[in-house]
Amino acid sequence: MNKAAKIAIGVTAAVSIAVAGTIVANWNAFVPIAAMGINYVRYLNAPRGELTVETAEGFDAANTGPARSLPPDDGLWPSYNKTLTSDRFSSLNEINRENAGQLKVLCTYDTGQYTGFNSGLLLVDGALLFATEYDTFSIDPTTCREIWRKHESYTPATPQGVNRGVAYLDGRVFRGTQDGRVLAYDFKTGERLWETAIADPEKSESAPAAPIAWNGLVFIGNAGGDFKGVKGRMYALDAATGRIVWEFYLVPKQPGDPTRGPQGETPLDASSWKMAADSPISGGATWTSYTLDPQTGLLYVPGGNPAPDFDVMLRGGENLYSNSVIVLDAKTGAYRAHFKLLPKDWHDWDVSSAPALVATASGRRMMLVAPKDGHLYGFDLETKERLYRVPVTRIENADVAFSADKSVHFCPGSVGGAEWNGPAYDPQNNLVLVGEVQWCTTVRVEPNRKVEGAANFTPWSGEDSINPFNMWGKADPVFQWAGWLYAVDADNGRWRWRAKTNYPVQSGVAPTAGGVVFFGDMGGNFYALDADTGRKLWGRKIGGAVGGGVITFATAKGQRVAAATGLTEVLWPTEITTAKVSILGLAQN
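Shown next as structure tokens:
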């Protein structure tokens, strides 16, 4: 080898080392950029949106039961799931099954950001509120004119650029951040009023969930339960000052774990976690939103998966309270009950979205909840009895154990089932409406010694792959996926109709008194269906992936529907476009 070749090889090696060092040093910034490029290629030749509807055998759309009185509606959407009880139903009916075909996009607000836009949307006092990873927005709901926009500069705990929205109470707007803080702003001006840290970004903890607010308190928990040593916790903060009123560990608190506020009373100890030596209890975090019953003062918290996600051999026992809905006294944080949905989870099937609390046509008080395991659950709130567990997307190899000896293909995958938007309830026809992801994953588990040897506060799935994009398993090829909107009888759990799309459904679902249900898919397609039958009334592509809020509200110019579009992030191959909010209404308005 001549001298010139040796020099060239040396220079190439030095440049490669320098580039690698730069990437490592700027990993959180590099991942979104790399993901955007990879997803651009993966999304090439994306098909047009398609939707098909199937009706259950023997279903008679003309016989949906006696008419029920509907709740009053002031035309607002003041919380993530409209009501604190998370039913997502609107009694507005100007847009109905007779005229929904005349819908059109009336205006669009463009954030100018490429980000994981899955924010819920709020409509209060003449302003539409939402958030991205770094920004909080207030816009005019009739013109899309910006009222104010507040930007925060910080270093996020992880490279996943997400935020699921804001809460509102008494002239203040509240949100979490990806560096583990909760912030409060003035509703009229966007001026920052206070900030409180509830998590440690140095430990990969964050706070992307959409808080809810009630009775002078703001409720939010921390995310990061897929990282070794991170424990899920829930908080109540004083809405006026940001003071932590109580803290509740969603998995056992152990010596050395920090205390950030008064502890809610709990019966939980480490007896349900039989961890391998030197492996910390990890998981149970919360990252979407919450439900509260104002009549009882009870807070319903969806608890995430245990970690390591895929290696069940390192954690014996029931792993309480992971994969549960945990019920707390909202004022004190004291434990009241829990509903364990997945007795043993090794698929990363969080109980992710907020449950809906409803009174069904039979008069029964029920909790409806849709985790990532691809099922819809119905519980009697009086007896705590599980009444049904209904599959609402593709289920495959759900009971097959993972091992280091073979790969297992399972459905729904680790990003399947219901994600951050849960069920809605239509009291007119007694139907639960839930959007679902059909996208499967293949996993092979690392040997136990390698799983145990992972560094603290690093991703702890147990997946045996050197590809960082397969950290949570290898997803099926793009477009070998689908989405569902299931309509299920709330009392008996039998589905009446189901709509299948050729893109996953992760948006909010909004049923209305006009007999219309609105939702979108990850192909950017937005739909209005007949809530009784699933018949398509209107549908077209309105932008990028619809992965956030879908709401409806009243204005001086008539009923409007708003949708968050343009989700682009590391886990989802989507159209590369900026995050936007589109507002729709009838063409004549």
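Mapping to numbering that gives the first Met the number 0: the sequence shown position 55 is 54, numbers consecutive.
Just so you know, even glycine gets a beta-carbon here, dropped at the ideal spot from N, CA and C.
None of these values were measured; they are calculated from a predicted model.
Asked, Found
"Identify the continuous alpha helix (DSSP H) that holds R448 and give its terminal residues.", "447–451"
"Which residue wins for smallest C-alpha separation from G519, given the options A512, A498, G513?", "A498"
"Report the residue from P305, I325, L313 whose alpha carbon sits nearest the alpha carbon of L297.", "I325"
"Which residue's Cα is closest to the Cα of M35: I582, N588, W147, E568?", "E568"
"For V217, write down the residues that DSSP places opposite it in a beta bridge.", "A212, L236"
"Step through the CB atoms of chain C and report whether any lies within less than 8 Å of the CB of G223.", "In summary, chain C is missing from the structure at hand, where a single protein chain is found."
"What distance in whole Å lies between the Cβ atoms of L340 and S271, which are believed to be in contact at a cut-off of 8 Å?", "The Cβ separation is near 15 Å, so there is no contact."
"Compute the beta-carbon to beta-carbon distance between S203 and G223, rounded to the nearest angstrom, for a pair I have assumed lies under 8 Å.", "5 Å"
"Can you find the residues in the same chain that come closer than 7 Å, C-beta to C-beta, to I394, ignoring five residues on each side of it along the sequence?", "G373, C410"
"In this structure, does DSSP put L75 in helix, strand or coil?", "coil"
"Should V123 be labelled buried (16 or more other beta-carbon atoms within 10 Å of its own) or exposed?", "buried"
"How is S589 classed by DSSP in three states: helix, strand or coil?", "In this structure the chain extends from 0 to 588, so residue 589 is not present and cannot be described."
"Please report how far the alpha carbon of G119 lies from the alpha carbon of Q505, in whole angstroms.", "12 Å"
"Name the DSSP bridge partner or partners of Y424?", "V431"
"I need the DSSP call for P257, collapsed to helix, strand or coil.", "coil"
"Comparing alpha-carbon positions, which option in S205, V161, A275, M312 lies nearest A284?", "S205"
"For a quick check, are the C-beta atoms of A212 and A166 less than 8 Å apart?", "yes"
"At what residues does the beta strand (DSSP E) containing M366 begin and finish?", "364–368"
"Go ahead and pull the three-state DSSP assignment for L313.", "helix"
"Between the region 300–313 and the region 355–362, can you find at least three pairs of beta-carbon atoms closer than 8 Å?", "no"
"Candidates L583, I219, L75, P266: which alpha carbon is nearest I243's?", "I219"
"Let me know the beta strand (DSSP E) ranges lying completely inside the region 97–161, each 3 residues or longer, listed in chain order.", "102–109, 121–123, 126–130, 134–138, 145–150"
"Mapping the DSSP letters down to three states, classify S271 as helix, strand or coil.", "helix"
"Taking the C-alpha atoms as reference points, what is the distance between P158 and A360?", "45 Å"
"Would you report the Cα separation of T265 and R259, rounded to the nearest angstrom?", "16 Å"
"Using the C-alpha atoms, what's the distance from Y153 back to K579?", "22 Å"
"Would you mind stating whether I138 and L127 have Cβ atoms separated by less than 8 Å?", "yes"
"Near E145, which residues of its chain fall below 6 Å by C-beta distance, leaving aside the five closest residues on each side in sequence?", "I138"
"Just mark T564 as buried or exposed, buried being the case when its beta carbon has 16 or more other beta carbons within 10 Å.", "buried"
"Applying the 10 Å Cβ sphere with the 16-neighbour rule, what's the burial state of K405?", "exposed"
"Per DSSP, what are the beta-bridge partners of N524 in this structure?", "K540"
"If L589 sits next to L375, beta carbons under 8 Å apart, how far is it from one beta carbon to the other, in whole angstroms?", "Outside the shown range of the chain (0 to 588) lies residue 589, about which nothing can therefore be said."
"To the nearest angstrom, report how far apart V450 and I197 are at their CA atoms.", "28 Å"
"How far does the beta strand (DSSP E) with H374 in it reach, from first residue to last?", "374–379"
"Let's test the definition: count the other Cβ atoms within 10 Å of the Cβ of E56 and tell me whether it reaches 16, buried, or not, exposed.", "exposed"
"Can you tell me which of the three DSSP states P503 falls into?", "coil"
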